[in-house]
Structure formats: C-alpha cells, structure tokens
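Below you'll find the structure, written out as structure tokens, and then a few comments.
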Amino acid sequence: MFKIDIALRSVLDITPELLMKNGIKGLLLDLDNTLTTHDNPRPADGVLDWIALMKSENIMMVIVSNNHHERVKPFADMLGLDFVCEGKKPLSSGFDRAAQRMGLPFSQLAVVGDQIYTDVLGANLKRVKCIFVFPIEHEKKGFLKFKRKIEKPFLPKKLYTDRSGEK
Numbered sequence: 051m052f053k054i055d056i057a058l059r060s061v062l063d064i065t066p067e068l069l070m071k072n073g074i075k076g077l078l079l080d081l082d083n084t085l086t087t088h089d090n091p092r093p094a095d096g097v098l099d100w101i102a103l104m105k106s107e108n109i110m111m112v113i114v115s116n117n118h119h120e121r122v123k124p125f126a127d128m129l130g131l132d133f134v135c136e137g138k139k140p141l142s143s144g145f146d147r148a149a150q151r152m153g154l155p156f157s158q159l160a161v162v163g164d165q166i167y168t169d170v171l172g173a174n175l176k177r178v179k180c181i182f183v184f185p186i187e188h189e190k191k192g193f194l195k196f197k198r199k200i201e202k203p204f205l206p207k208k209l210y211t212d213r214s215g216e217k
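Using the working numbering, the first residue of the sequence shown is number 51, and each one after it goes up by one.
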C-alpha cells in the first residue's frame, strides 16, 4: 500500500531522462511541500526553471491538490499548469480527472508528492508509479505534524540511483 517507485530529495531532482527511463510522460504533482511550502503563494527556489525544463521536454503536468480552489488556482496559473483542486487524495477521483485532461493512460503517469497517506497511498490505490519527494519543510504544529510522525515507518531509507550509481 505504501510502495514508492522512486524516492528523491526534491522535485528538482526529477529529470526528463529519469522519466523517459521509467516510461513516464506525465506528472500528477502535489502542491504543498512539494512545489512550495504550506500556504506560500510563491514556488520554491528552482521550481519555475524545473517546470520550464519539463515543458520543454514535453512532459505533461497537472497539479492535484486536496486544497481549495482559492489556494490552487493562483499557484497553478503562475506556473502555467492545469490543476485539480479538492482532489480527495488518496481517493482516485482527482487523479482520474487529471489523467483525463492529459489524455494519457495511467501506465505513463507518476504521482509526485511528499505525503505517505495521501500521495503515496493514492498512487498505490490507483496503481500508478509513485515518485516520493521529501517535504520542503516539516510542519511545526497541528494534524500535519502528527501525520509526519506516523509516516516515519513508511519513509524510504534510500534515495533513487540509476544503475551507474548517479542520483
């Protein structure tokens, strides 16, 4: 249920070559703590350049977030990406809508996110490849802080390396 296909430090470590090797043509991207910190209206350092690189390599991307329209739309607009808000992850409806918009089969998609119980579980329930990225910053209060503690047993122990040992 918590199988991670590829674990990386950051979304910025996802390369077109890595995606090509794994048959991935589209990314279902989480927003908070994957592309930026929680409630931050600006992308994390490097994200705009990374998005531009992915677009230049014809990698399709849709943000799939459990957040509300008011949070997701301005952020997605800034990145020039389509989005699904209130995605209800780990349930499949948000992933289904995003895949339909991209016109790609799930066999060519990967879920990218930082949370075990939403992103990873959702990818596994949908039988989609999962790229886990560690959160940009750990939450300091509330339910998310609690959730981070109970995720620990399921976190990847090693980062992805290809056969040559490169990250």
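Built from N, CA and C at the ideal position, the CB exists for glycine as well.
Should residue i go down as buried or exposed, given a rule of 16 or more other Cβ atoms within 10 Å for buried?
{"i": "Ala-102", "result": "exposed"}
{"i": "Leu-131", "result": "buried"}
{"i": "Thr-211", "result": "exposed"}
{"i": "Asn-6", "result": "In the structure as shown, the chain begins at 51 and stops at 217. Residue 6 is therefore absent and cannot be evaluated."}
{"i": "Leu-81", "result": "buried"}
{"i": "Lys-71", "result": "exposed"}
{"i": "Asp-89", "result": "exposed"}
Are the CB atoms of residue i and residue j nearer to each other than 8 Å?
{"i": "Val-114", "j": "Phe-145", "result": "yes"}
{"i": "Val-61", "j": "Thr-84", "result": "yes"}
{"i": "Lys-53", "j": "Cys-180", "result": "yes"}
{"i": "Phe-184", "j": "Arg-92", "result": "no"}
{"i": "Met-111", "j": "Leu-154", "result": "no"}
{"i": "Val-162", "j": "Leu-78", "result": "yes"}
{"i": "Lys-195", "j": "Glu-201", "result": "no"}
{"i": "Leu-168", "j": "Pro-140", "result": "Before going on, a small fix: residue 168 reads as Thr here, not Leu. In this structure, Pro-140 lies closer than 8 Å to Thr-168 by Cβ."}
At which residues does the alpha helix (DSSP H) containing residue i begin and terminate?
{"i": "Phe-133", "result": "First-last for Phe-133: 132-134, but that is the beta strand (DSSP E), not the alpha helix (DSSP H)."}
{"i": "Ile-200", "result": "192-201"}
{"i": "Met-70", "result": "66-71"}
{"i": "Ala-126", "result": "119-129"}
{"i": "Lys-105", "result": "97-106"}
{"i": "Phe-145", "result": "143-152"}
Name the DSSP bridge partner or partners of residue i?
{"i": "Leu-85", "result": "According to DSSP, which records beta bridges pairwise, Leu-85 is partnered with nothing at all."}
{"i": "Lys-179", "result": "Ala-160"}
Could you give the first and the last residue of the continuous beta strand (DSSP E) run that contains residue i?
{"i": "Leu-78", "result": "76-79"}
{"i": "Gly-163", "result": "159-163"}
{"i": "Leu-58", "result": "56-58"}
{"i": "Val-114", "result": "110-114"}
Can you name, in chain order, every residue of its own chain whose Cβ lies under 7 Å from the Cβ of residue i, other than the five neighbours on each side?
{"i": "Pro-206", "result": "Ile-54, Ala-57, Phe-182"}
{"i": "Arg-198", "result": "His-188, Glu-189"}
{"i": "Pro-124", "result": "Pro-91"}
{"i": "His-119", "result": "Cys-135"}
{"i": "Leu-175", "result": "Pro-140, Ser-142"}
Which residues in the same chain as residue i place their Cβ atom closer than 6 Å to its Cβ, once the five residues preceding and following it in sequence are excluded?
{"i": "Ile-64", "result": "none"}
{"i": "Ala-173", "result": "Val-161, Cys-180"}
For residue i, collect the residues of the same chain with a Cβ closer than 8 Å to its Cβ; drop the 5 residues on either side in sequence, then sort them by chain order.
{"i": "Pro-66", "result": "Leu-103, Met-104, Glu-107, Ile-109"}
{"i": "Gly-73", "result": "Ser-157, Gln-158"}
{"i": "Lys-208", "result": "Ala-57"}
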